[in-house]
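One structure is given here, and the rest of the page talks about it.
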Amino acid sequence: MNSRHLYLFLGITLLLKVLIAWITPVVGDEAYYYIWSIHPQLSYFDHPPMVGWWIYLGHLFFPAGHPLSLRVMFILGGFLTSLVWIKILLEEKATYRTILIFLLFAFLNPLLGAGSVLATPDVPLVLFWSLSFWAFLNVLRTKELKWYGLLGLFLGLGFCSKYHIVLFVISGLITLAFGKRYLRLRPLGIIFTLVIGALCSLPVVIWNAQNEWASFVFQINHGFGQDPFTWDWPLAYVGTQILLLNPFVFFTLFKKSQDGTGPIFADRIFTWSQLAFFFSSSLKSVVEANWPISSHLHATRHFAETSSQKLVRYSIVYWIGIYILLAAFFMSPQSAHVRRNLVNSAQIADLLPVVEKYQPLYGPSYQMSSLLTWKTQKLVPKLNELSRHDFYDSLPESKPTARSFYVLKYNNSWWPAQYESYKKIHLESFDKLGIDLYQLSHE
């Protein structure tokens, strides 16, 4: 096995990702980030700005409305992530077999593989996390100031991608504590890292300072909610992570590292610190399956370095079985409820004539409004405060100025108090989507 096999594998998987990106319907969150890209800002309420910036760049390569205009930068980002890890593994003298196992299992992982074609904040986070890890290892290996600067640069760009990059700092500090590896650091280098990182994080900090720290507060409350505790949260979190990682990959994390406090040991620290952090979060609120995504990188690398050929075969059989079961489930009638909740651009055909016929029109949620905007290339703002606070509530277009207007509303949602006194005429129902169309006017 040689480098040609690696790059052949990369080429094949890249083509597969382009195909997946081309034929997969756009989902609600992607369309929402598209709205960000046509309203460029330093940052946004829900997340830092990198996802919107990348989509904006994608419009330079494909026309608006083409799925690849949304996803091309994320496909490239995933490809660059693979190249970064090849570089890391080659520098650590890994065999080509180990590198190929890493690439294969990263591709089979639903979050790192097929999920990396979607336009979400996870893809730039994973790229800049990987670059940060590469720089971190070189900081420990050399005394060159450039690596300290690059570490600050990549951490700052990671902070502009997703706030979860702060866990990299926690993981890095824990790694440094073992074997007193912090004694190898240069004080001037540490200052260099902090200054460059702070400068690259400025867009997010400035936006939050101008908006009463709204995004920071929202994410803290989102991750550490106030709902009454239920054991479903931690149980679902642990079970989901084991299934997504692959049980064989997960349980190799309990194997003792043979390289002392070297890179493989660091991978275990970077994995367990994240998994433990989000486990503690699951005791306070629901944890989304993708939140510990960066830990999957390190767990996969640890598996590739430490697993036997027999374990690799068992793990591949596991993934084959999982994907067959998933395909069978989504083709069955039992998946109807799940598919309804995962609304995408292929499911809103019945609503498209409404956009043409009724104006001004307002949508029921940020996801549905964004999908309608994406499909028609006409802004369909969410009605102000009709659902939880989001970017639309900051847009003037979200607040009606006409005496009479039209609203698409989920039939299980409530009218905001400011619209309670309006005269409402029910015009049409879209039962498959659970949406009703109303005309509202001042009495």
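Last residue of the sequence shown? That's 452 in my numbering, and every number before it is there in order. All C-beta atoms in this analysis are idealised placements derived from N, C-alpha and C, irrespective of residue type, glycine included. No experiment lies behind these values; they were computed from the predicted model shown.
| query | For the candidate residues PHE187, PRO76 and LEU360, whose alpha-carbon lies nearest to that of VAL35? | reply | Walking along the sequence shown from the start, residue 35 turns up at place 26. Closest option to VAL35, Cα to Cα, is PRO76.
| query | Which residues does DSSP pair with THR449 in a beta bridge? | reply | As a working note, residue 449 is residue 440 in the sequence shown. According to the sequence as given, residue 449 is Leu; it is not Thr. BP columns for LEU449 point to PHE414 and LYS433.
| field | CA-to-CA distance, TYR65 to ILE47, given in whole angstroms | value | On the sequence shown, position 38 is the one that residue 47 refers to. On the sequence shown, position 56 is the one that residue 65 refers to. Roughly 7 angstroms between the two C-alpha positions.
| request: Can you give me the start and stop residues for the alpha helix (DSSP H) that VAL204 sits inside? | output: Counting from 1 along the sequence shown, the entry for residue 204 is found at position 195. From DSSP, the alpha helix (DSSP H) with VAL204 extends over 196 to 209.
| request: Report yes if the CB atom of PRO237 is closer than 7 angstroms to the CB atom of LEU292, and no otherwise. | output: To locate residue 237, count along the sequence shown from 1; it is residue 228. To locate residue 292, count along the sequence shown from 1; it is residue 283. No, the pair does not count as a contact, with Cβ atoms beyond the cut-off.
| said: According to DSSP, is GLY74 part of a helix, a strand, or is it coil? | reply: In the sequence shown, residue 74 corresponds to position 65, counting from 1. In the structure shown, GLY74 sits in coil (DSSP, three-state: anything other than H, G, I, E or B).
| task | Work out the CA separation of LEU160 and LEU197 for me, nearest whole Å. | result | For the purposes of this step, residue 197 is taken as the residue at position 188 of the sequence shown. For the purposes of this step, residue 160 is taken as the residue at position 151 of the sequence shown. Taking the straight line joining both Cα atoms gives about 13 angstroms.
| said: My parser needs the alpha helix (DSSP H) runs of 4 or more residues fully inside the segment 276 to 345; what are they? | reply: 302 to 315 and 318 to 339
| message | If you reduce the DSSP assignment to three classes, tell me which class ASN147 lands in. | response | By one-based count along the sequence shown, residue 147 stands at place 138. Of the three classes helix, strand and coil, the one that applies to ASN147 here is helix, per DSSP.
| field | Cβ neighbour criterion (16 or more within 10 Å) applied to SER282 | value | Stepping through the sequence shown from its first residue, residue 282 is reached at position 273. Per the 10 Å Cβ criterion, buried.
| said: Beta-carbon within less than 6 angstroms of SER224's beta-carbon, same chain only, minus the 5 sequence neighbours each way: which residues are those? | reply: The residue given as residue 224 occupies position 215 in the sequence shown. If we look at SER224 and ignore the five residues flanking it on each side, its Cβ neighbours are PHE54 and ASN217.
| query | Just checking my contact of TYR327 with PHE259 at CB under 8 angstroms: how many whole Å lie between their CB atoms? | reply | Within the sequence shown, the letter at position 318 stands for residue 327. Within the sequence shown, the letter at position 250 stands for residue 259. With 8 angstroms as the limit, TYR327 and PHE259 do not qualify as a contact, their Cβ atoms being about 11 angstroms apart.
| With C-beta atoms as the reference, is GLU39 less than 7 angstroms away from LEU79? | On the sequence shown, residue 39 is found 30 positions in, with the first residue counted as 1. On the sequence shown, residue 79 is found 70 positions in, with the first residue counted as 1. Going by C-beta atoms, GLU39 is nearer than 7 angstroms to LEU79.
| query | So, is GLU314 buried or exposed, given that buried needs 16 or more other C-beta atoms within 10 angstroms? | reply | To locate residue 314, count along the sequence shown from 1; it is residue 305. It counts as buried.
| query | Cβ of LEU370 within 7 angstroms of Cβ of TYR431? | reply | Start at 1 with the first residue of the sequence shown, and residue 370 comes out as number 361. Start at 1 with the first residue of the sequence shown, and residue 431 comes out as number 422. It is not a contact, given that the beta carbons lie outside the stated cut-off.
| field | Residues near TRP300 by beta carbon distance below 6 angstroms, same chain, minus five either side | value | For the purposes of this step, residue 300 is taken as the residue at position 291 of the sequence shown. These residues qualify, in order along the chain: PHE287.
| said: Tell me whether the segment 192 to 206 and the segment 142 to 161 touch, counting them as touching only if at least three CB pairs, one residue from each stretch, are closer than 8 angstroms. | reply: yes
| message | Beta-carbon within less than 7 angstroms of SER379's beta-carbon, same chain only, minus the 5 sequence neighbours each way: which residues are those? | response | Position 370 of the sequence shown, counting from 1, holds the residue named residue 379. Cβ within range, chain order: GLY37, ALA40, TYR41, TYR43 and ILE44.
| message | How far does the alpha helix (DSSP H) with ALA40 in it extend, from its first residue to its last? | response | For the purposes of this step, residue 40 is taken as the residue at position 31 of the sequence shown. Where ALA40 is concerned, the enclosing alpha helix (DSSP H) stretches over 37 to 46.
| With distances taken between CB atoms, is the gap from ILE108 to LEU15 smaller than 7 angstroms? | Here residue 108 is taken as the residue at index 99 of the sequence shown, counted from 1. Here residue 15 is taken as the residue at index 6 of the sequence shown, counted from 1. A contact, by the Cβ cut-off of 7 angstroms.
| request: In the DSSP assignment, find the alpha helix (DSSP H) that holds PRO130 and state where it starts and stops. | output: One-based indexing of the sequence shown puts residue 130 at position 121. First-last for PRO130: undefined, no H or E at that position.
| query | Helix, strand or coil for LYS441 per DSSP? | reply | For the purposes of this step, residue 441 is taken as residue 432 along the sequence shown, with counting starting at 1. Reduced to three states, the DSSP call for LYS441 is coil.
| message | Relative to the C-alpha of LEU182, which candidate in ASN230, ILE278, SER210 and PRO212 has its C-alpha closest? | response | Counted from its first residue, the sequence shown places residue 182 at position 173. Comparing Cα positions, the closest option is ILE278.
| task | Pick helix, strand or coil for ASN255, following the three-state DSSP scheme. | result | As a first step, residue 255 is located in the sequence shown; it is residue number 246 there, counting from the start. The answer is coil: DSSP assigns ASN255 none of H, G, I, E or B.
| task | For GLN318, count neighbouring Cβ atoms within 10 angstroms of its own Cβ and tell me buried if that reaches 16, exposed if not. | result | Counted from its first residue, the sequence shown places residue 318 at position 309. Exposed is the call here.
| query | Is PRO19 helix, strand or coil by DSSP? | reply | On the sequence shown, residue 19 is found 10 positions in, with the first residue counted as 1. This sequence places Leu at residue 19; Pro is not what is there. It is helical.
| said: In whole angstroms, give me the CA-to-CA distance for ILE331 and GLY122. | reply: The residue labelled residue 331 in the question sits at position 322 within the sequence shown. The residue labelled residue 122 in the question sits at position 113 within the sequence shown. Answer to the nearest angstrom: the Cα atoms are 14 angstroms apart.
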